[in-house]
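Visitor: Got a structure for you, written out below as structure tokens; questions coming shortly.
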Amino acid sequence: SAVISQKPSRDICQRGTSLTIQCQVDSQVTMMFWYRQQPGQSLTLIATANQGSEATYESGFVIDKFPISRPNLTFSTLTVSNMSPEDSSIYLCSARQGRETQYFGPGTRLLVL
Amino acid sequence: GQNIDQPTEMTATEGAIVQINCTYQTSGFNGLFWYQQHAGEAPTFLSYNVLDGLEEKGRFSSFLSRSKGYSYLLLKELQMKDSASYLCAVRSPGGGNKLTFGTGTQLKVEL
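Chains as they are written, first to last, in my numbering: chain C, 737 to 849; chain U, 75 to 185.
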């Protein structure tokens with residue numbers, strides 16, 4: 737199984753600033769994804785991180801707000817730009833390894849003041 | 075569009091059996107996943123079904139009927155540590171075979 741780590745684990749940020757979240761997988765994976773989970777709610781897919789090309793965003797999410805990089809098969813970053821209190825959430829990195837499994841990182845808990 | 079329904083909450087007794095249902099209407103189907111999520115933690119993979127029938131894995135079993143758009147997760151010999159949120163997710167072809175999650179079922183196991 738793949739082990740996923742994220743940095744930072746949590747942060748408190750000021751309105752208008754940006755935060756970059758890093759995701760590292762301990763083995764090569766085929767797909768990487770970024771999800772958001774609002775308190776007490778389920779997971780919403782932000783985008784699929786594509787290696788060496790632009791990420792594929794879901795409806796309601798745009799590159800200017802959530803730029804994503806994936807320079808290789810084991811690493812990705814998500815930036816939350818120009819933050820507002822509505823961006824307070826848990827951001828989760830996820831990776832697929834093979835057909836039948838998809839794993840999640842421990843999440844980054846973001847609070848925007 | 076994608077629509078995945080689960081009960082919001084369930085309560086069961088330690089040692090009992092509980093069944094958590096999930097119904098879905100999605101544009102395409104390429105597998106159904108169940109995850110367990112304890113409060114403040116990341117989701118943990120429990121099971122994957124792509125063909126009809128029952129998959130058993132220890133105390134947990136998962137069933138799928140593709141024609142009915144229906145799945146359930148069966149938890150046997152409930153333990154207090156099974157108190158958690160259980161998430162049903164459907165994978166759809168295209169767009170990287172992304173997972174779409176239901177709202178989750180909060181299970182409380184009582185003495």
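Where is the CB? At the ideal position from N, CA and C, for every residue including glycine. Source: prediction; values computed, not measured.
(1) Just tell me which of C:Gly776, C:Val761, C:Val765 has its CA closest to the CA of Gly834 of chain C.
(2) With a threshold of 6 Å on Cβ separation, who are the neighbours of Pro821 of chain C within its own chain once the five nearest residues in sequence on each side are excluded?
(3) Output needed in chain order: residues of the segment 818-848 of chain C with a Cβ under 7 Å from some Cβ in chain U.
(4) Taking only the alpha-carbon atoms, compute the straight-line gap between Pro775 of chain C and Tyr160 of chain U and give it to the nearest angstrom.
(5) Should Pro807 of chain C be labelled buried (16 or more other beta-carbon atoms within 10 Å of its own) or exposed?
(6) Which residue from U:Lys172, U:Val183, U:Val164 puts its Cα closest to that of Phe107 of chain U?
(7) Look up Arg725 of chain C in the DSSP assignment and give the residues it is bridged to.
(8) What is the rounded straight-line gap between the Cα of His112 of chain U and the Cα of Asn171 of chain U?
(9) Are Thr813 of chain C and Ser824 of chain C touching if we call contact CB-CB under 8 Å?
(10) Which same chain residues, not among the five before or five after Thr97 of chain U, have their C-beta less than 7 Å away from its C-beta?
Guide: Walking through what the data contain:
(1) C:Val765
(2) Val848
(3) Leu828, Glu836, Thr837, Gln838, Tyr839, Phe840, Gly841, Pro842, Gly843
(4) 15 Å
(5) exposed
(6) U:Val164
(7) Residue 725 of chain C is absent from the structure shown; chain C starts at 737 and stops at 849.
(8) 26 Å
(9) no
(10) Asp79, Gly143, Tyr144
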